[in-house]
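Heads up, the thing below is written out as structure tokens.
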Amino acid sequence: MSAPSPPASLPSAAFRGGRRRLLAATAGALAGGWLAAPPRPARAGGDPPPPEAPGARRHDWTFRAQERPARLLGPDGPLSRVWSYSDALLPVLRIRQGDAIRARLENALPEHTSIHWHGVRVPNAMDGVQYLTQPPVGPGQSFTYEFTPPDTGTFFLHPHCNEPGQVGRGLAATLVVEGDEPEPPDADIVLACKDWRLAEDGTWLPFETPQGAGRAGTFGTVRAVNGQRAFAATVPAHGDIRLRLLNLDATRTLLARVEGAAAQVIAIDGNAVEPFALEQWRFGPAMRVDLRVRAPAAGAGFTLFDDFPREPWPLARFTAAPSALAERPFAPRPLRAARVPRADLAKAERLPFAFSAAPLGATPGSVAGLPPDDPFARLLLDSLCVGRNTFWAINKSTWPGGGNRQLPPPLAELKAGRSYVFELHNTTPHPHPIHLHGHTFEVLSLSRQALPRFLADTVLLLPRERAEIAFVAAPGRWMFHCHVLEHLETGMMGWLRVT
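For the sequence shown, our numbering gives the first residue as 598, with consecutive numbering after it.
So this is what it looks like as structure tokens:
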């Protein structure tokens, strides 16, 4: 990839105690039921959105997806063969709000690929889903994406077929759209959390297993942040540090906590919230959270932990270096509010969606009105985009598995510009992070997590949980799926037609 910018060196009632308390319900909430009253809305930031930048520029990037060597098991460990967009593993691209992107994807892989701009409200033709929004980019072919991201925030990009294998080998990058901060931080650090499925000799283990796909997913064997097993950085003493946490893992849910410094949540999935003190924040695959941390005095340090395992896991360690910054009260200003369309709840149409195990003997539906020559109807002829097994369903509809040759109908037919409330219900004993392409929605309520309202593009449904999300529909064909990668490839995936 050419010329990307280099990376810079809600009250938290979200379940304490990690896995052992995963099934503990929020106090006062009925198991699987709704909270008695919806929580109050969270302020979506402080200052109004900034004016359009007069000096906006266009970024011309080339992503060359190919195999490259990397030492994922440490500097003295064996080489692994990663797939990446550039010589830098998990690169970070930074632009300013109002800047345009022109990104050319060149495919030097042995199979077709694409780029999905996760969380970015792109035009449908730029959404990067093979057959649905664009033709596959085959080996030796290229495709150019052109759009201007409308929102500030922390986003990422990844392919959308064979995600367990392509993302599993490292094919992902972070996109930061700057311009939401009334006061710049003293350091801005991206932390891309993604594990690797590696044997001791550095070769890849299977990215998918029937046992994992039919349950909570197949976990990595090597935990890592920014491709490193023990990420560490130096920050200025007494500085305000922005940590952009991205969960790029195929399976793992994280429970973030900072020890040794004051920390506040300032954005969720890139969207500003009124800052609140971080105790713990739970976020599943594809979800992001931005923190503002006040660094301690010189010589001291702080650690970012994942509290989800039985023993807390240090994701990143930070040491404070001498600086000219003085000790002062910690009171971060809210980020600027997003320009996201907000649903009219009084006029919104409500639609239910149940996320479940595949019904016994279930078969996928028919093409539902698509003409035989529609490129989307050819999706199932491509085994790279579907799994060999079917374990999961949305509204009892399963994304067809290996032997099936019919496309499921759209999960819903929506009208562009209208407001909708989706009522989501996880009927399974496993968590599911549910992602809606092309939209930023408001999470109105969660039955097992006592959180304020917030904006997001992916919502984590705990086991047996219900949620309400609201949004204004944008025209196009949009994917709607679980982001545990084995779940989406074995049935828990569908699409919406918005006309």
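All residues carry an ideal CB built from backbone N, CA and C; glycine is no exception.
- For L1041, the secondary structure class from DSSP, reduced to helix, strand or coil, is strand.
- Check the Cα spacing between D748 and each of E1062, L1021, R933 and M1089: the tightest is with R933.
- Residue burial annotation: Q808 is exposed, with fewer than 16 other C-beta atoms found within 10 angstroms of its C-beta.
- Shown here, H835 sits in coil according to DSSP, grouped into three states, outside any helix or strand.
- Leaving aside the five residues that flank A653 on each side, the residues in its chain whose CB is nearer than 6 angstroms to its CB run, in chain order, G695 and D696.
- Note that the region 818-827 touches the region 787-798; at least 3 beta-carbon pairs, one per stretch, sit closer than 8 angstroms.
- DSSP, reduced to helix, strand and coil, places E1086 within a helical segment of the structure shown.
- Counting only residues of its own chain and dropping the five nearest sequence neighbours on each side, T806 has a CB closer than 6 angstroms to the CB of T815.
- The residue among T1024, A1053 and P893 with its C-alpha nearest the C-alpha of S1042 is A1053.
- The continuous alpha helix (DSSP H) containing A810 extends over residues P807 to A810.
- Counted as a single uninterrupted DSSP element, the alpha helix (DSSP H) harbouring V764 occupies residues E760 to G765.
- If you look at G776, you'll find it isn't in any beta strand (DSSP E); DSSP assigns it neither H nor E.
- Approximately 7 angstroms separates the beta-carbon atoms of R701 and F660; this is inside 8 angstroms, confirming the contact.
- Rounded to whole angstroms, the separation of the alpha carbons of H1032 and V1081 is 10 angstroms.
- Of the candidates E1065, Q663 and L1021, Q663 places its Cα closest to the Cα of V764.
- Each residue's CA atom was taken as its position, placing G725 and S920 some 44 angstroms apart.
- Of E871, W878, D941 and P911, the smallest CA-CA separation from P929 is found for E871.
- By a beta-carbon distance limit of 8 angstroms, R1045 contacts E1062. Their separation comes to about 5 angstroms.
- With a 10 Å radius around the Cβ and a threshold of 16 neighbouring Cβ atoms, Q738 comes out exposed.
- Cβ atoms of P761 and A847 come within 8 angstroms of each other, at about 6 angstroms.
- Judged by DSSP in its simplified three-state form, M884 adopts coil rather than helix or strand.
- In the displayed model, A847 falls within coil according to three-state DSSP, outside both helix and strand.
- Nearest to L1021 by C-alpha distance, out of A1064, P782, P1060 and G881, is A1064.
- Counting only runs that start and end inside the region 846-920, the beta strand (DSSP E) elements of at least 3 residues fall at 851-856, 859-865, 868-874, 878-880, 885-891, 898-903 and 910-918.
- With a 10 Å radius around the Cβ and a threshold of 16 neighbouring Cβ atoms, D785 comes out buried.
- Annotation for P1030: the continuous beta strand (DSSP E) segment containing it runs H1029 to L1033.
- Shown here for L686: same chain residues with a beta carbon closer than 7 angstroms to its own, the five before and five after excluded, namely A667, V679, G767 and G824 in chain order.
- Contact check for T900 and G857: beta-carbon distance about 6 angstroms, within the 8 angstroms limit, so the pair qualifies.
- Around the beta carbon of L957, fewer than 16 other beta carbons lie within 10 angstroms, which makes this residue exposed.
- The distance from the Cβ of L842 to that of Q861 is about 13 angstroms, inconsistent with a contact at the 8 angstroms cut-off.
- Per DSSP, reduced to three states, the secondary structure at N986 is coil, with no helix or strand assignment.
- For A789, the enclosing beta strand (DSSP E) starts and ends at A784 to C790.
- If you draw a straight line from the Cα of R826 to the Cα of P911, it is about 10 angstroms long.
- The Cβ-Cβ distance between P833 and A940 does not fall below 8 angstroms.
- For F1019, the enclosing beta strand (DSSP E) begins and ends at S1016 to N1023.
- The residue among A892, S677, G1073 and R1074 with its C-alpha nearest the C-alpha of G836 is A892.
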